[in-house]
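What follows is a single structure, written as structure tokens, with notes after it.
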Amino acid sequence: MLTLAPYAALNDTCLGRQHEEESPHNRSEYQRDRDRIIHSAAFRRLEYKTQVFVNHEGDLYRTRLTHSIEVAQVARSIARALQLNEDLTEAIALAHDLGHTPFGHAGQDALNKCMHDYGGFEHNLQSLRVVDKLEERYASFSGLNLTHESREGILKHCSNTNAKLLGDIGKRFIKNTMPGLEAQLTNLADAIAYNSHDVDDGLRSGLITIKQLRDVELFNTQYEEVIGLYPEISERLIIHEIVRRLIDCQVSDLIETSQNKLAEKPPESIAAVRKLKKPLILFSSKMREQNLELKQFLRKNLYFHYRVLRMSTKAEKVIQDMFGAFFEHPQLLPNEISDKAVQCMHDGDAIGCARIAADYIAGMTDRYAIDEHRRLFNPSEST
Ligand code: MG
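Heads up, the sequence shown is in the numbering used here, so the first residue is 211 and it goes up one at a time.
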């Protein structure tokens, strides 16, 4: 078995779970976290949630599930090379998007607007809420009762206001300190995965072209290498060859830069890492710049493409309509949750009622949201 570095998340240095439990017999604490995530309902729903394209637009595009698996693959490769805890990075990667609403970023922005006066909606915080509270699988506690380390990795960003409400897990945002290295690297593995697969999905959907992307340095370097090696290959293969090189060059850069950084002054333990104000897992400055250029390209040409925007606008409307209906008339919510929401309204707790509606909407898949919208607003549809 590979020896972990002293600054990795070790079973012995695990800060434990919110509800005390016996240690697992045949697995590490982080393997148990990963297994709990895989068996959760929220994880299964990732299959029908999207990032850029809406689920019914095609079977070939990434879903949140395939995205999360790709992040886990990238994160594990980096973790192994840096002698960090692969099981923990896998757990964080598989859970990092559990709190995403239907319809990707458009859905999250719409729900955040609806929740403006009731505490807002942050998808990252929602992922933590899913594993801490919303999953119902254990008789003795709500949520999945994950380790501190997995929860720390899931909560990538957090506003100061919310951090104050979160206890231990929120402290680092107030003190401005770093999480463990596994959390740092999974965050960057997420960016490597989505930048690369959005190039792939964007090209295959025809919304962006190779010609346009050649203005982006990171892409063009890989393009020239591929064309130099295989001048005759088909466009489909060019895309695959470029995308895998895009992932590889970013992963290699991240490993090398981080290895050098760690070697300068190796922290003694994960506790020492958590005291630092700056990350130790990072890209070279050149790669950071190139990454930014690619991100900006995707934003302008793919995420703001008129066809994506049309879909996002429809998605926003679906979310707003549903939220409005559930908030005004909590008795329209399914039985399991409506009693509680009606009680909140009765007690004058509008925030509580809004949160129940937001949790319900955030848990929906794309197609469930479309169907539920139809059931709510189309009189000829059965309810
Ligand atoms: Mg992600």
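For every residue, glycine included, the Cβ atom is placed at its ideal position computed from N, Cα and C.
Here ARG227 is bridged, per DSSP, to THR357. Between ASP297 and ARG244, the gap from beta carbon to beta carbon is short of 7 Å. Between ALA525 and GLY317, the gap from beta carbon to beta carbon is short of 7 Å. Residue side-chain check: ASP411 keeps its Cβ at 6 Å or more from all non-hydrogen atoms of the ligand MG. Within the model, the alpha-carbon separation for HIS235 versus ASN545 is close to 39 Å. By the Cβ-count criterion, HIS367 is exposed, with fewer than 16 other Cβ atoms from all chains shown falling within 10 Å of its own Cβ.
The residue from HIS315, LEU472 and LEU308 with its alpha-carbon nearest to that of ALA251 is LEU308. THR523 carries a helical assignment under DSSP once its states are collapsed to helix, strand and coil. Between the C-alpha atoms of GLY377 and PHE253 there is a straight-line separation of about 25 Å.
Shortest gap from the CB of ASP307 to any heavy atom of the ligand MG: under 6 Å. Taking C-beta atoms as the reference points, ALA572 and GLN336 count as a pair closer than 7 Å. Taking the Cβ of ASP531 as the reference point, every heavy atom of the ligand MG lies at 6 Å or farther away. Here PHE537 has CYS563, ALA564 and ALA567 as same chain residues with Cβ atoms under 7 Å from its own Cβ, once five neighbours each way along the sequence are excluded.
Taking a C-beta distance under 7 Å as the contact criterion, GLY390 and ALA285 do not qualify as a contact pair. The secondary-structure analysis by DSSP pairs THR276 with nothing; it has no beta-bridge partner. In this structure LYS259 is buried. Its beta-carbon is surrounded by 16 or more other beta-carbon atoms within 10 angstroms. Comparing alpha carbon positions, the residue from LEU586, GLN530, ASP463 and ILE580 closest to LEU543 is LEU586. Approximately 13 Å separates the beta-carbon atoms of PHE383 and ALA393; this is outside 8 Å, ruling out the contact.
DSSP places THR260 within a strand segment (E or B) once states are collapsed to three. Relative to the non-hydrogen atoms of the ligand MG, the Cβ of ASP408 never comes closer than 6 Å to any of them. In this structure, LYS475 is the residue among GLN460, LYS475 and TYR271 with its C-alpha nearest to the C-alpha of LEU486. At the C-beta level, LEU504 and LEU428 come within 7 Å of one another. Of the heavy atoms belonging to the ligand MG, none sits nearer than 6 Å to the Cβ of ASP319. In this structure, ASP400 has its beta carbon less than 6 Å from a heavy atom of the ligand MG. GLY353 places its beta carbon less than 7 Å from that of VAL341. Scanning its chain for C-beta atoms nearer than 6 Å, with the 5 sequence neighbours on each side dropped, one finds around GLN460 the residues ILE402, in chain order.
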